[in-house]
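Input: a single structure, listed below in structure tokens.
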Amino acid sequence: MADRSSHLYADKSTEYFSKARTEIEPLLPVQSERPLHVLEVGCAQGHTLEWLKKSGRCAWAAGVEPFAQVTVPAGVIDKFFRSNIESELPDIEPASLDLILCLDVLEHLIDPWKTVERLDPLLKPGGSFIISVPNIRHYHVLVDLAFRGRFDYSAEGILDRTHLRFFTRSSAIDLAECSGARVQTVFTPGLHRWQKRLLARLGLGDLLAKQLILRAIKPVHRI
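The sequence shown begins at 0 in numbering that gives the first Met the number 0 and counts up one residue at a time.
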């Protein structure tokens, strides 16, 4: 996400920045009496935060995004920071957030592990990270690499040319837990057809998953 690579993001389609990430719904914290305070890193045009606000799950929403223009209605995002998360943390009170979203953003960073560690103090004890990363173990990537000798970058997807880091399930868990949080759930969207569900039961689900979505909870008490 360095400034020198901004021209690569200028070539992205409008759709790239305009999706509400509703597939994270199964990983959201259980609805409490008090709606959540949420930060989204890489919020794009703000549609995921808009969805959380309108659904009543979120009372306060902040977003960080260096490349896209926020297009949601005024007042939906309470604070917006146009900045590079690797060089500048948002001005948010420590231990004030219930949830930090990093949805398909950490793979674009030079040092995502350090970024997670620097974000951690903003999260309340018992708060959650929800992190989504592309899965490099997907069978399309493996077949192309093993049998065709191909590792071809593209405009979007697992081998998006703006990706600097690549993850499997184990390395994604290591990333989510690098600040001391503990992964509670790993969710692989898109395995709806019965054939894919069967392969997932046989332990082959990661070969079919384009994304890995993790929820990691910050301990209430440090050991």
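Every residue gets a Cβ at the ideal spot worked out from N, C-alpha and C, and that includes glycine.
Bear in mind the structure is a predicted one, so any value in this text is a computation, not a measurement.
Report buried or exposed for residue i, applying the criterion of at least 16 other Cβ atoms within 10 angstroms of its Cβ.
i: Met0; result: Only weak support exists for where Met0 lies, its pLDDT of 45 falling under 50; the value from the coordinates is given anyway. So Met0 ends up on the buried side.
i: Thr47; result: buried
i: Ile84; result: buried
i: Phe146; result: exposed
i: Arg3; result: Residue placement at Arg3 is poorly supported in this model, since its pLDDT is 48, which falls under 50; the coordinates are not used for a value here.
i: Val40; result: buried
i: Glu64; result: buried
i: Ala94; result: exposed
i: Pro218; result: exposed
i: Val142; result: exposed
i: Ile109; result: exposed
i: Ala69; result: At residue 69 the sequence reads Val, which differs from the Ala that was named. With 16 or more other Cβ atoms within 10 Å, it is buried.
i: Lys52; result: buried
With distances taken from CA atoms, which of the options is nearest residue i?
i: Cys42; options: Glu85, Val142, Asp143 and Phe66; result: Phe66
i: Val308; options: Ser178, Glu64 and Leu98; result: The first residue shown for the chain is 0 and the last is 222, placing residue 308 beyond what the model contains.
i: Arg200; options: Thr187, Ile212 and Gln210; result: Thr187
i: Pro104; options: Leu174, Gly204, Pro28 and Glu24; result: First, the residue type needs correcting, since residue 104 is Val and not Pro in the sequence shown. With distances taken between Cα atoms, Val104 lies closest to Leu174.
i: Arg149; options: Gly156, Arg56, Ile157 and Val140; result: Val140
i: Ile172; options: Leu213, Ser54, Ile135 and Glu106; result: Leu213
i: Cys101; options: Glu22, Ala58, Val132 and Leu35; result: Val132
i: Val29; options: Cys57, Phe80 and Gly156; result: Cys57
i: Arg19; options: Val71, Ala61, Arg136 and Pro34; result: For clarity, residue 19 is Ala in the given sequence; the question names Arg instead. Looking at the Cα atoms, Val71 is the closest of the given residues.
Give the C-beta separation of residue i and residue j to the nearest angstrom, bearing in mind that I take them to be a contact with Cβ-Cβ under 8 Å.
i: Lys123; j: Asp97; result: 6 Å
i: Leu207; j: Tyr138; result: 7 Å
i: Ala215; j: Arg168; result: Actually they are not in contact, since the Cβ atoms of Ala215 and Arg168 sit about 13 Å apart, beyond 8 Å.
i: Leu38; j: Ile91; result: 6 Å
Would you give the residue range spanned by the alpha helix (DSSP H) that residue i belongs to?
i: Asp143; result: Tyr138 to Arg147
i: Leu174; result: Arg168 to Ala175
In the DSSP assignment, the beta strand (DSSP E) including residue i goes from what residue to what residue?
i: Ala215; result: Gln210 to Ile216
i: Phe186; result: Arg181 to Phe186
i: Leu35; result: Leu35 to Val40
- Every unbroken beta strand (DSSP E) within the stretch 43-76, with a cutoff of 3 residues, ordered by chain: Fully enclosed beta strand (DSSP E) runs of 3 or longer: 57-63.
- Secondary structure, beta strand (DSSP E): runs of 3+ residues fully inside the stretch 78-135: Restricted to the stretch 78-135, the beta strand (DSSP E) segments that are unbroken, complete and at least 3 residues in length are 78-80, 96-102 and 122-133, listed in chain order.
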